[in-house]
Each structure stands twice: as C-alpha cells, then as structure tokens.
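Read through the structure below, which is laid out as structure tokens, and then see the notes.
2 protein chains.
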Amino acid sequence: MFDHPSQFLDALENLPVASAEFRDLALKRQAQLTKPAGALGRLEDIAIWLAGWQAREKPVVDRVTALLFAGNHGVVEEGVSPFPASVTAQMVENFKQGGAAINALTQQFGHELSVIPLDLERPTRNMTVDAAMSEDELLDVINIGAAAVNDCSADVIYFGEMGIGNTTTAAAIAAAVFGGEGASWAGPGTGLEKAGVVHKASVIDRALALHRSELSNPVEIMRRLGGRELAAIMGGVVAARLKRLPVILDGFVVTAAVAPLCVSADQRIKRDVLAHCIAGHCSAEPGHIRLLEELGLKPLLTLDMRLGEGTGAALAAELVRGAVSTHNQMATFAEAQISGGEV
Amino acid sequence: MFDHPSQFLDALENLPVASAEFRDLALKRQAQLTKPAGALGRLEDIAIWLAGWQAREKPVVDRVTALLFAGNHGVVEEGVSPFPASVTAQMVENFKQGGAAINALTQQFGHELSVIPLDLERPTRNMTVDAAMSEDELLDVINIGAAAVNDCSADVIYFGEMGIGNTTTAAAIAAAVFGGEGASWAGPGTGLEKAGVVHKASVIDRALALHRSELSNPVEIMRRLGGRELAAIMGGVVAARLKRLPVILDGFVVTAAVAPLCVSADQRIKRDVLAHCIAGHCSAEPGHIRLLEELGLKPLLTLDMRLGEGTGAALAAELVRGAVSTHNQMATFAEAQISGGEV
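Chain order of the listed sequences is A and B. Just remember that our numbering sits 2 ahead of the position in the first sequence, which is counted from 1. Just remember that our numbering sits 2 ahead of the position in the second sequence, which is counted from 1.
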C-alpha cells in the first residue's frame, strides 16, 4: 500500500473528512427526539460523529472488529518489564485459545477479533543503541496494519496490542511527539515498582538522547522508537481514515501509536488527523491522561484499567452501540405526539 | 409486604449482607487470571462485588431487568419545570410504544423493561403546602416497588423514573438527607434557564422550611418531600437488598430516591444500606455528583447525560456484563501456561 515513507507522509497531508451534510442531518434528528435537548449528552455527540464519518443520517454499528497486533521489543533487554519477552508469544497463544480478557469481551459483545502477531521471534532493535526498525521493516508492518483495515468490512473498528515492553516504547514516542523527559511519561506498565519506573524513565531518556535530532516526522519517530505492533496500528488508523472508517482508540499504547500522525510537515501538532477516532478509555497508566489531553481526546470511560489488548475500546464500543440505538430508534416529538418544553 | 412504616424501618436495621466466602473466592480467582494483577481495574471490583451478592464464585448477568416507575408531582403547580405535567403520561405512552431512549437501549442490550405508571391522574400534593403523600399512599407505592422486585427473576436490576417535576422532589430529598439549601441541590432538570433554577431552589426551600422538624427518618422524608416513583424505587431497592439482588443505580432522581435509606434510627448516615448498589452514571444534573460523593458511590460512567428513565444504568449494565465475562471466561496463568511477572 505504501511503497515509500514519503507516500505515507503525503497521505497525512491529504486526508478525507467527514460528511458535513450527514452530520447536520443527524444533528437535526437529535433535536427532534423525545428527550429534553442535549439530555443524552455524549451519546448524542457520538451518534452525530458517526453519522458524519459513515455519511448516513442513521449510522450503523452492527459489525465491530478488533484488530490485535503483537510485537516484541529489543528494549526489553534493558530490564523495563517484570515479565519476560516470551510472554508476548504465550499471550498470543492465549488469545488464540480464547483465554484472554479481550476474548471474553469480544465474545460477550459479539465483536470480531483478529490476532496478528508480527515477527515475534525477531524483536525490534534496542532503541537505546539503534533505531528500532529499518525503513523496510517499518513499512512492512505499517502495510500489514493498513491491509488488515482494508480487508475489514466492519462499521467501527478498534485496535488492541500485546507486547512485553511496549509501554516503554509508547512513553518514548509520547515524549518525542509532545516533549518532556522519560519520567513524565513512564509508568508501572504491567506492574513495575517505583525503582523500576525510575529505571524505565532513564532508559527512555537514553533513547531520546540518541535519536533526538531525527524525530521530526511520524515515520522517523515510529521507526526509531516504535515497535511493530504500534507501527501496524499507526498504519491501520491511517487506512481507516482513508476509507472514512470510525475508530475507537484503546489505552496508552494504542494512543501513543497514533500520536506521531499528528506531527505535521511544518512541525505543528495537527489533531484533525485523528478526527475519525474517539478515545474509548483512559488507562490507569499515568501518561495516558496527559496524552489524551495533548491530543484533545476526551475518553468515554475511566475504569482504572491498564491491560491493553483493546479491552477499553471493547467496552466503549458498547456505549457507541447504545448511542446509535437511541439516535436511530427513538420517536420524534411529532411522532409520539408529546408536548414540547417551554424553554 | 410492608403493612406499617415501622416494619419498613425495622427492615433497614436488619439487612442481609453479601457472602464474604464467595467474595473471597472471586478475589482469589481474579489473582490467577492471565493479566497483570489489578489490570482490569474496576471490572475486577464489579465481578467481586457481584460474586458476594449472588453468592457464586462466577456471577451471572444473563437477565437484566429495568423497572421504570412514573409519577406526577403536585409541586409542578409552582412552575418548576418547562414541561407540563401531561408529558409524564405522554412519555409513558411513548415507553409503551417503544419510542423512548430507554426502549432503544434495553432493546439494543437485551434487557427486560417494565413500565409502571403510578396514579398519574392523581399527582402527589404540593410539598410546599402539605406532605406529598399520606402514610397509606406512601406504603402503597413502596409496596408496589417491592412487589415488582420480588416478582422479578433477574440477575441484576436497575430502576428508571419519569415524572415531570421530579428533579425538584429529588433535590428536596437530597437536602433533607445531607443538609444544604435548595440552591445547593437544584439544577436545570429538563432544561430550566438560570432564573428558573433560582425559582426552583426557592420552592425547595419553602418545602424544607415547612417540613424541617419532621424529616428524621426515611419514611417521613419520602412521604413529605417525595413522589410516587421515587417511593416505589426506594421500596424496590430495599426489596432487592432483602433478596440480595444487585442493583445498578441510575441518575440524580434514582439516587435521591434511595438516599433516605441511609438515615439510620440514630440519625447517622449509614452508607452500608446501599452496599448492594453500584452507581451506573453521574448525571449532568449538578446535584448528582455531590449526592454520589455523600453516599460514597463512584459512578462507572460520566457521559453528560441527564435524561433519567434508567438510561445511565442501562449503559452501565453492559460494563457489568463485560466485567463478569472477563471474570468467568479468562484462563488462569496455570491453564494458559504463561510465565508470571517478577514483581
């Protein structure tokens, strides 16, 4: 799909937008439904947002698909996680056997789940000593993510991730995009104690120092500091935008994976690149709330979860379904012959 | 069910509690599931809470029932709502036709919905001039609420309400239980402008002044300041507790309806009375967040909704289902043969 990094960067400067016509139709419909104006709060916003991206007055959320990418990280050799890297492959097996949290949630809610391990036996390079990926390696996984989205006929999608060490990667990317030292983005991840978080922050600082002068565009940020699963998600979110497919973002790692997309060619932050995305859940991982604020995203849920896998987005998808059900099925005041308010 | 107010008050002093044994079993199970300890955050708390109340290591949320009570309020003659009282009956008809927000949500999520109008042609008395209900009138609706719960074989229930004027009633009850003037609890309800909210607060203050010396127990608070739908919910929540049935609370009005239950015989606030309840959603109605804080309840959702009908609880019920699905279906570390963390 993308043969060269410049092609990917060009796509970011020429993104399709939502349909203003259908957004307005949905807005008008909301005003006529049998409830006080605005009384469904964010459910109304969600329905109107979806109407614009799907170009339908009554949007559809029948098919919801989770794309879960897994990758391994060279930086794990710096001792940034309490779990060994082998757990990534073990958890992929667990996903395939149906034993993980995301399996339970997707089954409960009738979402489709695709699990896509990315070269687990070949971790990225340790970002404190080299770029994590070569240009070709990066393009490969960006294209895998984009292809997964292009092959998918869902009405709404979300991304999950699994990769021991990837909150370190995510924190480094967040620092590269929005500034700040490792300490302002590093958190306990799967369960580091305080000393472990301090060490993790210092590892991030070393990576940032090594690559600092080269972190001027989304491709280089992801290539130098990223991981395969994050790059696949970044590619997938762009592919979703190109087909105007709405995306529910999951936790800290998924949000960090898409943050580089907002770094524009003139070095400003362009939040509009993520206009087709909503934030499903704010993670307990401490960097996430700041990351969401920097991106102008207000999470639908804050449930102290910090698991990844797409679990936060899975729950949020049901709120989206609820929003659409009210928007589509409620009677208007005229249909129900109900007296309007005096104000 | 309750022949006399004293019987109702006695029940509150002798409430059954959750099973510590099954709560502990659920807690132990959570520690073995394939995720970092605590990584599912509030989902874990929900599953453990349900396990205790249902007395099952693996709780069940197959059947979810919404009980929606509607009532009319004499205080509407004071001009506290932009909508006329006739809208209550019109909305009940809308519920029966399937055109309201709660219909859309219960249908989307497969919840059962019962709509129970309470003497709509006979509003309660205007609380600024008299007690809203007689003792018999109050007991009647408490028992209707309790009977609806007793007849219900759901795994989890929630309550909805509809009643033009009932945010005024709810604010008066909140003030009676937790103190403060009308202004600290009154909000726009269905859409009052600022001047309307000021007037509403003054109406509440008049009611509080009239009844102040008699507001020493749950029955008198509800009888003097309440409404039929609120009393039915209060009765239903006690009946649920007596059968150890978990309850998801909805918005400001439902929460206010159960707040009097926490006023104990010795005039202290006993939050444990609501231990079988979780807060589904924090309403945009400004008094709700304070009310939840006073009751020690942390809402699962905050989506700027302010509609009532049970809509906030309906959405929260799907989070509860998600919580239980992870708790029940996830593999343990041993089952999945996954390496544990080092911390």
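Just so you know, even glycine gets a beta-carbon here, dropped at the ideal spot from N, CA and C. All values derive from a computational prediction rather than experimental measurement.
Considering just the uninterrupted stretch of the alpha helix (DSSP H) at residue i, what are its terminal residues?
i, result
"residue 7 of chain B", "7-15"
"residue 257 of chain B", "254-260"
"residue 146 of chain B", "137-152"
"residue 322 of chain B", "313-331"
"residue 60 of chain B", "Taken as a continuous stretch (DSSP letters only), residue 60 of chain B belongs to no alpha helix (DSSP H), as it is neither H nor E."
"residue 50 of chain B", "43-56"
"residue 232 of chain B", "230-244"
"residue 103 of chain A", "103-111"
"residue 132 of chain A", "Unbroken run through residue 132 of chain A: none, as it is neither H nor E."
"residue 200 of chain A", "196-213"
"residue 293 of chain B", "289-297"
"residue 83 of chain B", "Run containing residue 83 of chain B: none; DSSP gives neither H nor E here."
"residue 223 of chain B", "220-227"
What are the boundary residues of the beta strand (DSSP E) that residue i is part of?
i, result
"residue 346 of chain B", "Here chain B covers residues 3 to 345 and nothing more, so residue 346 of chain B does not appear."
"residue 271 of chain B", "That residue, residue 271 of chain B, is in no beta strand (DSSP E); it is neither H nor E in DSSP."
"residue 281 of chain A", "279-281"
"residue 249 of chain A", "249-251"
Classify residue i: buried if its beta carbon has 16 or more other beta carbons within 10 angstroms, exposed otherwise.
i, result
"residue 216 of chain B", "exposed"
"residue 19 of chain A", "exposed"
"residue 219 of chain A", "buried"
"residue 32 of chain B", "buried"
"residue 62 of chain B", "exposed"
"residue 56 of chain A", "buried"
"residue 336 of chain B", "exposed"
"residue 184 of chain A", "buried"
"residue 143 of chain A", "buried"
"residue 110 of chain B", "buried"
"residue 9 of chain B", "exposed"
"residue 196 of chain A", "exposed"
"residue 327 of chain A", "buried"
"residue 252 of chain A", "buried"
"residue 88 of chain A", "exposed"
"residue 113 of chain B", "buried"
"residue 181 of chain A", "exposed"
"residue 342 of chain B", "exposed"
"residue 16 of chain A", "exposed"
Per DSSP, what are the beta-bridge partners of residue i in this structure?
i, result
"residue 164 of chain B", "B/72"
"residue 66 of chain B", "B/158"
"residue 303 of chain B", "B/283"
"residue 35 of chain A", "A/334"
"residue 265 of chain B", "B/271"
On a CA-only basis, which of the options is nearest residue i? Give me that one, please.
i, options, result
"residue 334 of chain A", "A/233, A/225, A/35, A/285", "A/35"
"residue 46 of chain A", "A/331, A/8, A/77, A/336", "A/331"
"residue 127 of chain B", "B/148, B/111, B/104, B/73", "B/73"
"residue 59 of chain A", "A/27, A/87, A/89", "A/27"
"residue 311 of chain B", "B/201, B/243, B/107, B/272", "B/107"
"residue 261 of chain B", "B/99, B/81, B/299, B/69", "B/299"
"residue 203 of chain A", "A/69, A/175, A/250, A/321", "A/175"
"residue 304 of chain A", "A/291, A/140, A/296, A/4", "A/291"
"residue 151 of chain A", "A/225, A/288, A/192, A/67", "A/67"
"residue 1 of chain B", "B/258, B/129, B/170", "Only positions 3 to 345 of chain B appear in this structure, which leaves residue 1 of chain B out of reach."
"residue 286 of chain A", "A/275, A/272, A/153, A/301", "A/301"
"residue 21 of chain A", "A/289, A/309, A/248, A/64", "A/248"
"residue 210 of chain A", "A/201, A/226, A/198, A/139", "A/226"
"residue 282 of chain B", "B/161, B/231, B/269", "B/161"
"residue 24 of chain A", "A/54, A/147, A/7", "A/54"
"residue 168 of chain A", "A/138, A/243, A/205", "A/205"
Does the beta carbon of residue i come closer than 8 Å to any beta carbon on chain E?
i, result
"residue 323 of chain A", "Among the chains of the structure shown, chain E does not appear; the protein chains present are A and B."
Return the residues of the region 70-100 of chain A that lie within a Cβ-Cβ distance of less than 9 Å from chain B, sorted by chain order.
Across the region 70-100 of chain A, CB contacts with chain B closer than 9 Å involve 83, 84, 85, 86, 88, 89, 92, 93, 95, 96, 99, 100, in sequence order along the chain.
Using a Cβ-Cβ cut-off of less than 9 Å, list which residues of the region 115-131 of chain B approach chain A; keep chain order.
none
Listed in chain order, which residues of the region 154-176 of chain B have Cβ atoms closer than 8 Å to some Cβ of chain A?
none
Contact residues within the region 34-48 of chain B, judged by C-beta distance below 7 Å to chain A:
36, 37, 38, 39, 41, 42, 43, 44, 45
Using Cβ-Cβ distances below 9 Å, what residues of the region 298-320 of chain B are close to chain A?
302, 303, 304, 305, 306, 307, 308, 309, 310, 311, 313, 316, 317, 320
Proximal residues, the region 231-262 of chain A versus chain B, C-beta separation under 8 Å:
none
Within 8 Å of chain B by C-beta, residues of the region 203-232 of chain A in sequence order
none
The region 285-297 of chain A: positions lying closer than 8 Å to chain B by Cβ
286
Residues, ordered as in the chain, of the region 328-343 of chain A that lie near chain B by beta-carbon distance below 9 Å
Of all residues in the region 328-343 of chain A, 328, 329, 330, 331, 332, 333, 334, 337, 338, 339, 340, 341, 342, 343 have a Cβ within less than 9 Å of some Cβ in chain B.
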